[in-house]
DNA sequence: GGTATTGTTTGATGCGTATCGTACCAGTAT
DNA sequence: ATACTGGTACGATACGCATCAAACAATACC
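Chains as they are written, first to last, in my numbering: chain Z, 2 to 116; chain U, 2 to 116.
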């Protein structure tokens, strides 16, 4: 696979790194847990803290998945006291890959079925 | 990961299996070689035989990648004498995941840059 | 200070898979 | 039949990564 990542790491004053290349991005999204995180973030208008994700993995695993998403440019995180608020970089993603995120979100029918 | 695949295998008289679930599908597309195959197929109006893919892998590896794409419902193949013609299941993919394939194809700018 | 609370990091483990070479099989042509 | 061509199947190898537990770090609160 190889896909060498993490080119710039310009976390300086919150500047988010660029959205990853398509293969790297797809690899980040091709995991059930991470896709669930993406959908949770896309369905919420406010950022979500680590503890508020409804996911059946330990917190260390969750931290790992969030790192993968962050390094692929999918999410950004800002600290808020002892917690860390995660939000989707929807604008950047839509700009770079128009239609991609939308096509990964549950359809209205699926959303109803999941309720 | 797990994602148990291959539910029905109804290869009966050429009936293609359903397009895979989203995670399975993304996993099939999250590989540089397979994405290149997808783009080659999407950019051609006629099916492509195994030997006509411009990919730097051995034929056994290529066969493996085509199998992954086939089992994810991305492509279909029909035999033609001694060769096997591969084509993209664009209609089925667009029906199940509208906008997804389009968002993975090179933009006009990228297509020019690759020439 | 001491104690939760929230996340990250590290190491270990096990599974998946991309890759190759070789052998094999089905058509086609000689 | 023999040989060639296009593709698959198998075994081996190496690497990636999802997962967890435990240890650590940083902030808040008493």
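The C-beta atom is built at its ideal place from N, Cα and C for all residues, glycine as well.
Given the structure is predicted, the values throughout are model-derived calculations rather than measurements.
- Residues of chain Z with a Cβ closer than 7 Å to the Cβ of residue 99/U are, in chain order, 104.
- For the segment 15 to 39 of chain Z, the set of positions with a beta-carbon nearer than 9 Å to some beta-carbon of chain U reads 23, 24, 25, 26, 27, 28, 29, 30, 31, 32, 33 and 36 in chain order.
- Contact check for residue 63/U against residue 80/U fails: the beta carbons are separated by 8 Å or more.
- Of the other Cβ atoms in all chains shown, fewer than 16 fall within 10 Å of the Cβ of residue 47/Z; this residue is therefore exposed.
- The segment 52 to 71 of chain Z makes no contact with the segment 64 to 72 of chain U; the number of CB pairs closer than 8 Å stays below 3.
- In the three-state reduction of the DSSP assignment, residue 59/U falls in the coil class.
- Per DSSP, the continuous beta strand (DSSP E) segment holding residue 79/Z begins and ends at 76 to 81.
- Separation of the CB atoms of residue 94/Z and residue 36/Z is rounded to 14 Å, and the pair is thereby denied contact status at 8 Å.
- For residue 45/Z, there is no enclosing beta strand (DSSP E), as DSSP marks it with neither H nor E.
- For residue 40/U, same chain residues with a beta-carbon under 8 Å away, outside a window of 5 residues either side, are 105, 106 and 107 in chain order.
- Measuring C-alpha to C-alpha distances from residue 49/U to each of 71/U, 84/U, 114/U and 96/U identifies 84/U as the nearest.
- Sequence-distant Cβ neighbours of residue 26/U in its own chain, meaning closer than 6 Å and more than five residues away, are 73.
- Boundaries of the alpha helix (DSSP H) around residue 92/U: 91 to 97.
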